[in-house]
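**Q** Just dropping this structure here.
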Amino acid sequence: MALIELCGVERVFHLGDSTVNALARIDVSIDSGEYVAIMGPSGSGKSTLLNLLGLLDRPDAGTYRLEGRDVTTLSPDEQAAVRSRRIGFVFQSFHLVPRLTAAENIALPMMLAGIAASERTRRVDQALKDFGLNQRADHRPDQLSGGQRQRVAIARATIMQPAVLLADEPTGNLDRTTGDEVIHLLETLNAGGVTLIIVTHDPKLGVRARRQLVMEDGALKHDSARLPDAPVG
Amino acid sequence: MRFADILRFARDAAAGYPLRTFLSVLAMAIGVAAVVVLTALGDGARRYVVGQFSSLGSNLVIVLPGRSATGGFNPANAITKTPRDLTNDDAAGLLRLVPVQRVAPLFVGNSEISVGGRLREAVVAGTTASYFDIRNFEIAQGKVLPDEDWNRVIPVAVIGRKIQEEVFGNQPAVGQFVRLGDRRVRVIGVLKPTGQGLGMNTDEVVFVPVALAQSMFNSSTLFRILVEARGRNQIEDAKREVLTLLKARHGGEEDVTVITQDAVLATFDKLLRALTAAVAGIAAISLAVAGILVMNVMLVAVTQRTAEIGLLKAHGARGRTIRQAFLAEAAMISVVGAFAGYLLGQLGAFMLRKAFPVFPAYPPDWAVIAALATALTTGLLFGIMPARRAARMDPVQALMKY
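Line order of the protein sequences matches chains A and B.
742 is the number of the first residue of the first sequence in our numbering; add one for each residue after it.
18 is the number of the first residue of the second sequence in our numbering; add one for each residue after it.
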């Protein structure tokens with residue numbers, strides 16, 4: 742059974758009188774443990790797709806099954822629960838809460854989920870060790886380097902042990918070397934079993950993924966899993 | 018999200034913007050402090066007035082010669098001399114009434130007191146020993162007037178504090194002879210300072226036995242008769258019986274006025290309570306303003322933290338969690354502001370009391386509780402709208418604000 746199954750998904754935005762088909766009849770299926778890159782030019786609908794996959798947005802038509810369960814019909818609170826337990830987000834500009842320390846930022850999803858403080862401390866300590874952030878636990882985001890910030894963000898995204906990790910241009914605000922480190926980190930996590938979906942317009946990053954989805958004008962133009970002989974771009 | 022975590026999160030959020038938080042706390046504090054100080058002033062005025070009346074003595078019924086209200090034409094007025102005088106015998110007669118505890122006649126005249134060439138104008142009050150009991154006067158030196166037959170002329174005097182200071186200076190007064198008008202009297206006592214009461218400053222009064230005063234001024238007409246009822250609930254009985262007896266003694270004519278201290282006191286009490294409530298109401302407006310300010314601050318907070326709200330939603334926060342977090346922040350600002358204001362107000366009232374020791378500027382309990390409750394309620398009430406706005410925010414839009 743596929744982890745993610747999109748079936749005829751559409752998303753339409755209304756801008757004044759005109760309507761924009763941000764997503765037009767997307768059919769895609771992603772298995773557990775896959776490493777997928779969503780690529781395409783700006784405005785191609787890749788961010789909209791990622792928001793849909795992350796349950797931050799609802800499709801206007803079609804169904805989205807996550808782990809076999811139709812999540813499009815869930816109530817906002819039920820969707821929040823799914824986001825909490827099954828989905829991790831990594832953003833281009835890290836999105837750390839500036840007033841919280843690295844440790845507190847990592848603990849945030851657990852605090853929102855109502856996990857006891859002792860359990861939080863235990864898991865945060867482990868995460869700090871795993872991500873090489875031991876020395877930075879009590880630093881605020883503005884005291885951290887870009888790479889460290891993104892590592893904190895990744896630690897936060899994975900602290901609830903989600904099934905899917907959604908990364909939106911995770912290296913967009915980093916230099917080449919730090920960006921590579923972050924990608925390595927994400928790939929290590931993928932190797933550990935987490936499904937990794939990265940949105941990027943950097944082809945170098947895209948080819949590292951085992952599967953590429955190329956978007957154009959809201960449609961899925963290319964899926965390397967379906968058409969292995971088509972060019973990657 | 019756990020309750021303790023919500024509180025901690027809200028606290029950190031409030032502390033994250035210190036100036037903004039400080040200003041809204043200050044607004045709330047000033048509102049509460051205004052209520053506390055203004056009601057302290059109002060209630061202090063009430064206590065002051067009540068205290069002044071109470072210093073007249075408790076359960077007091079005062080008899081004045083003459084009718085205060087006209088009762089229409091009375092044929093008796095045409096032939097008799099009215100009002101008939103109040104006399105010592107009238108006063109003595111009142112002692113026989115059951116609800117009456119004590120009676121003191123009061124005769125008042127102006128004269129001069131002199132000793133060793135020092136001369137001073139003084140109010141001469143002719144009365145009896147019971148007057149000092151009724152008025153709760155305390156003796157600083159010596160003793161009060163002798164408890165003798167009211168009609169005996171005894172040449173002694175009890176003087177007020179100011180008279181003693183001005184006529185004797187540092188010399189001992191008790192046992193000394195003074196000239197009072199054309200009489201020579203011996204000072205047997207000095208009163209402790211008492212202040213204003215019954216329209217005259219007691220510190221500037223020379224008290225002498227009533228018969229002496231009447232013979233000095235060659236008149237038997239009393240200024241007042243002070244009657245003390247046996248208890249608070251007997252004041253009305255005493256008033257009625259005093260009136261009946263005096264009417265009977267004066268040939269069936271009601272030519273005296275009987276007032277009770279209670280009635281006057283109750284009127285003032287009611288008046289000043291209303292004043293305090295009005296002042297509290299005015300001060301409460303500042304609390305409403307503070308509440309609106311908290312709302313503004315929270316709306317700004319929601320806008321400033323839009324991205325954070327999106328992030329929290331992305332990480333699984335439910336709408337309710339976000340609503341609670343913002344509401345908790347508004348509540349915290351209000352609680353801290355209310356308590357700071359309470360302390361500030363108490364400090365203000367304390368300084369008022371220090372500056373004016375005679376003025377009992379204590380805020381009434383009801384006002385303090387109402388101020389705190391109103392502050393918390395407005396803070397929470399005005400916090401609801403921003404919190405709801407935050408909770409309803411679309412996460413995709415919110416995340417774009419980073």
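Positions of the beta carbon are idealized from the N, C-alpha and C atoms, including for glycine.
So, using beta-carbon positions, are B/L162 and B/R241 closer together than 8 Å?
**A** Going by C-beta atoms, B/L162 is not nearer than 8 Å to B/R241.
**Q** Mapping the DSSP letters down to three states, classify B/T274 as helix, strand or coil.
**A** Strand at B/T274.
**Q** Find the residues of chain A that neighbour B/V413, judging by a C-beta separation of less than 8 Å, and give them in chain order.
**A** The contacting residues are N792, L797 and D798.
**Q** Under a Cβ-count criterion, where at least 16 other Cβ atoms within 10 Å of its own Cβ denotes burial, should B/I350 be classed as buried or exposed?
**A** So B/I350 counts as buried.
**Q** Does the CB of A/L836 have a neighbour CB from chain B at under 8 Å?
**A** As written in the sequence, residue 836 of chain A is His, which differs from the Leu given in the question. Yes, A/H836 lies at the interface with chain B (some Cβ there is under 8 Å from its Cβ).
**Q** Using the Cα positions of B/Q278 and B/G68, report the straight-line distance between them to the nearest angstrom.
**A** Straight-line Cα distance between these residues: approximately 12 Å.
**Q** To the nearest angstrom, how far is the alpha carbon of B/G132 from that of B/L229?
**A** Per the sequence shown, the amino acid found at residue 132 of chain B is Val instead of Gly. C-alpha separation (whole angstroms): 19 Å.
**Q** Work out the CA separation of B/A294 and B/A387 for me, nearest whole Å.
**A** Near 11 Å, if we compare the C-alpha coordinates of B/A294 and B/A387.
**Q** Which of helix, strand or coil does DSSP assign to B/K287?
**A** Looking at B/K287 - three-state DSSP - the assignment turns out to be helix.
**Q** Mind checking whether A/L807 and A/R826 have CB atoms under 8 Å apart?
**A** Going by C-beta atoms, A/L807 is not nearer than 8 Å to A/R826.
**Q** In whole angstroms, what separates the C-alpha of B/P116 from that of B/E258?
**A** Cα to Cα, the separation comes out at about 8 Å.
**Q** Closer than 8 Å, Cβ to Cβ, to anything on chain B: give me those residues from the segment 805-819 of chain A, in chain order.
**A** So the close ones are P817 and D818.
**Q** Any chance the CB of B/A46 is under 7 Å from a heavy atom of the ligand HEM?
**A** As presented, the structure is devoid of all ligands, the ligand HEM included, so that no description of it is given.
**Q** Output the distance between the C-alpha atoms of A/D871 and A/G887, rounded to the nearest integer angstrom.
**A** Using only the alpha carbons, I get a separation of about 18 Å.
**Q** Quickly, what does DSSP pair B/L208 with across the bridge? List them, please.
**A** Answer is B/I156, bridged to B/L208.
**Q** Does DSSP put B/P412 in a helix, in a strand, or in coil?
**A** Three-state result, B/P412: helix.
**Q** On the CB-based measure, 16 or more other CB atoms within 10 Å of its CB, does A/V948 come out buried or exposed?
**A** Result: exposed.
**Q** So the alpha helix (DSSP H) A/H963 belongs to, where does it begin and stop?
**A** A/H963 -> not in any alpha helix (DSSP H); beta strand (DSSP E) instead, spanning A960 to D964.
**Q** Out of A/M780, A/R799 and A/P782, point me to the one whose CA is closest to A/E751's CA.
**A** If we check each option's Cα against that of A/E751, A/R799 comes out closest.
**Q** Out of B/G143, B/L398 and B/E346, state which residue places its alpha-carbon closest to the alpha-carbon of B/A3.
**A** The structure shown does not extend to residue 3 of chain B, since chain B is modelled only from 18 to 419, so the question has no answer here.
**Q** Where in the segment 763-804 of chain A do unbroken runs of the beta strand (DSSP E), each at least 3 residues long, occur, reported from the N-terminal end onward?
**A** Here the runs fully enclosed are 776-780.
**Q** Note down, in chain order, each residue of its chain lying with its Cβ closer than 7 Å to the Cβ of B/T87, except the 5 sequence neighbours on either side.
**A** Unreliable positioning characterises B/T87 in this predicted model, as indicated by a pLDDT of 49, which lies under 50. The coordinate reading is nonetheless provided below. Closer than 7 Å at the Cβ level, and outside the excluded window around B/T87, lies no residue.
**Q** For B/E325, is the classification buried or exposed, using 16 other Cβ atoms within 10 angstroms of its Cβ as the cut-off for buried?
**A** Buried, since its Cβ has 16 or more Cβ neighbours within 10 Å.
**Q** Tell me the DSSP bridge mates of A/P882?
**A** Its beta-bridge partners do not exist; DSSP assigns none.
**Q** In terms of residue numbering, what span does the beta strand (DSSP E) encompassing A/Q953 cover?
**A** Where A/Q953 is concerned, the enclosing beta strand (DSSP E) stretches over R952 to E957.
**Q** Closer than 8 Å, CB to CB, is A/L954 near chain B or not?
**A** Output row for A/L954: interface = no.
**Q** Going along the chain, which residues of the segment 280-291 of chain B sit with their C-beta nearer than 7 Å to a C-beta in chain A?
**A** The residues in question: there are none.
**Q** What is the rounded straight-line gap between the Cα of A/D809 and the Cα of A/I745?
**A** Contrary to the premise, residue 809 of chain A reads as Gly rather than Asp in this sequence. So the two alpha carbons sit approximately 8 Å from each other.
**Q** Bridge partners of B/L243, per DSSP?
**A** Answer is B/I79 and B/A121, bridged to B/L243.
**Q** So, do the segment 884-900 of chain A and the segment 921-934 of chain A have three or more beta carbon pairs nearer to each other than 8 Å?
**A** Short answer: they touch.
**Q** Could you check what DSSP says for B/P189 in three-state terms: helix, strand or coil?
**A** Looking at B/P189 - three-state DSSP - the assignment turns out to be coil, as it is neither helix nor strand.
**Q** Less than 8 Å separating the beta-carbons of B/L398 and B/L328?
**A** No, Cβ-Cβ distance for B/L398 and B/L328 is not below 8 Å.
**Q** With a 10 Å radius around its C-beta and 16 neighbouring C-beta atoms as the bar for buried, classify B/Q231 as buried or exposed.
**A** Buried is the call here.
**Q** Between the C-alpha atoms of B/V49 and B/L239, what's the straight-line distance to the nearest angstrom?
**A** Approximately 53 Å, taken between the alpha carbons.
**Q** Counting only beta-carbon separations shorter than 8 Å, does B/L398 have a partner in chain A?
**A** Judged by the 8 Å Cβ criterion, B/L398 is not in contact with chain A.
**Q** Going straight from the alpha carbon of A/Q902 to that of B/M410, what length do you get?
**A** Distance between the alpha carbons of A/Q902 and B/M410: 26 Å.
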